[in-house]
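Q: My questions all concern the structure below.
In the working numbering, the protein residues as written are 7 to 125.
Next up, the structure:
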């Protein structure tokens, strides 16, 4: 019909058509509402997927091989398997002197953020 409307959102390529009303203006308004709704849903879905992927990267499978830290009492050492750091001061570590470990973890996190393009 002559009152039909087709709107294309150029950045995403989303196309919406409407020919429900007799007035072209009403069809345009209706199509814009539908387009806004589709764009909002796509943006929301993208945000949810991003949060889910971040969560998945933080939560492990619970497998025994996914250990974080090993405390070896006979040799007096503690190893953080996430960053591959081994400290030969288990007694100090258990008494609260964990600055070396925290510093190494913070450095590793900053390096990973820089490598992923996060600032």
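C-beta: ideal position from N, C-alpha, C; glycine also.
Here's the rule: buried if 16 or more other CB atoms are within 10 angstroms of the residue's CB, otherwise exposed. What is residue 84?
A: That one is buried.
Q: So what does residue 22 bridge to, in DSSP terms?
A: Answer by DSSP bridge pairing, in chain order: 13.
Q: Could you have a look at residue 57 and say whether DSSP puts it in helix, strand or coil?
A: Helix, per DSSP.
Q: In whole angstroms, give me the CA-to-CA distance for residue 104 and residue 117.
A: Approximately 20 Å, taken between the alpha carbons.
Q: Give the DSSP-derived three-state secondary structure of residue 79 in the structure shown.
A: Coil at residue 79, not helix or strand.
Q: Residues bridged to residue 86 by DSSP?
A: Paired residue(s): 75 and 91.
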